[in-house]
Every structure is written in structure tokens, then in C-alpha cells.
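Note that the sequence shown covers residues 6 to 134 in our numbering. Virtual Cβ for every residue (Gly too), placed ideally from N, Cα, C.
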Amino acid sequence: MTTIEEANVQTVLTYIDAYNRKDIAGMVACLADTVEFENLTDGHVTLKLTGKTAFQQQAEQAAQLVASRQQILHERTVADDVVSASISYQATLAVDLPDGKQAGETLSLTGHSVFVMKDRLIARLTDIS
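Here's what the structure looks like:
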């Protein structure tokens with residue numbers, strides 16, 4: 006792995022650590038100003054955001070929905086400015102959701118995350134589940 010690839014991986018790991026701690030400022034510090042975020046579920050775009058401000062607002066709202074959360078990266082691959090990994094995610098809900106899930110219930114998901122880096126910051130993040 007090159008020095009730049011190692012730095013990119015470190016940025017991703019720093020972002021995931023901040024995510025797990027619900028440290029929104031720490032997450033946003035890892036992002037490029039023009040970051041693009043996209044969430045895909047079952048092949049459909051469920052959320053698309055552009056820019057740090059939009060990302061921060063969404064991250065703050067999402068953090069309020071869970072009492073705790075943990076995302077773990079597995080089988081990480083690095084190629085130039087792209088860090089890709091399969092992920093597992095677990096969270097305990099802090100509130101009741103409209104779909105019937107109750108506060109205190111545990112959510113578990115698996116998926117894949119792709120981080121496209123620019124200048125050692127996350128320029129594009131795609132979460133696929």
C-alpha cells in the first residue's frame with residue numbers, strides 16, 4: 006500500500022470511529038467540502054446528499070434515532086483513491102419508528118461501503134445494503 010493509500014484508510018477508520026461514537030463533528034472533519042453521499046437499499050437510492058452542511062444535518066438527525074450504534078468494516082480493499090469494504094451494522098433504537106420498530110429494539114444490517122477519497126478526505130461515500 007502506498008503512503009497516500011495508507012492515509013486514505015486512516016481517514017476512513019477515523020470517520021468510522023467518530024460514527025460509532027456519534028461524534029458528528031469528528032465525522033464531518035473527515036469529509037471534503039463537496040462530499041457526495043448516497044444510500045442504496047435493494048438497488049434503490051433512498052438518500053442522496055451533497056455538501057458538508059447537508060451531510061451534517063442528516064447525521065445529526067440519524068444519531069438521535071439510536072441509543073448506540075456500531076459499524077464494522079470487513080474485507081477492506083484499497084485501490085488508488087477508493088477504499089471499499091463489506092460492513093456489518095448494529096444499532097439500538099432510541100425512539101419508536103413509523104415502520105413499527107420500537108425503542109430498545111436492535112437493528113442489524115450487512116452491506117458494503119465505498120469511500121472515494123480526494124486530498125485524503127472522503128469526497129464520495131456510497132452505502133449499499
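Within the DSSP bridge table, the entry for asparagine 44 names Leu52 and Asp132 as partners. Under the DSSP definition of a beta bridge, threonine 97 partners with Ser73 and Thr111. Around the Cβ of methionine 122, a 10 Å sphere holds 16 or more other Cβ atoms; the residue is buried. The C-alpha of methionine 6 lies about 20 Å from the C-alpha of isoleucine 21. If you ignore the 5 residues before and after isoleucine 29, its C-beta comes within less than 7 Å of the C-beta of Gln61, Ala64, Glu65 and Ala68, all in its own chain and listed in chain order. Exclusion of the five residues before and after serine 73 leaves Thr97 as the residues of its chain whose Cβ lies within less than 6 Å of its Cβ. Distance check between glycine 56 and each of Ile133, Ile127 and Thr8 places Ile127 closest, using alpha-carbon atoms only. Taking the Cα of alanine 23 as reference, the smallest distance to any Cα among Phe120, Val88 and Gln75 is reached at Gln75. In this model, leucine 130 and cysteine 35 are separated by some 11 Å (Cα to Cα). Here the alpha carbon of methionine 32 sits roughly 8 Å from the alpha carbon of threonine 19. For leucine 18, the secondary structure class from DSSP, reduced to helix, strand or coil, is helix.
Shown here for alanine 99: same chain residues with a beta carbon closer than 8 Å to its own, the five before and five after excluded, namely Gln69, Leu70, Val71, Ala72 and Ala108 in chain order. Nearest to serine 134 by C-alpha distance, out of Thr115, Val119 and Arg125, is Thr115.
For glycine 31, the enclosing alpha helix (DSSP H) begins and ends at 29-33.
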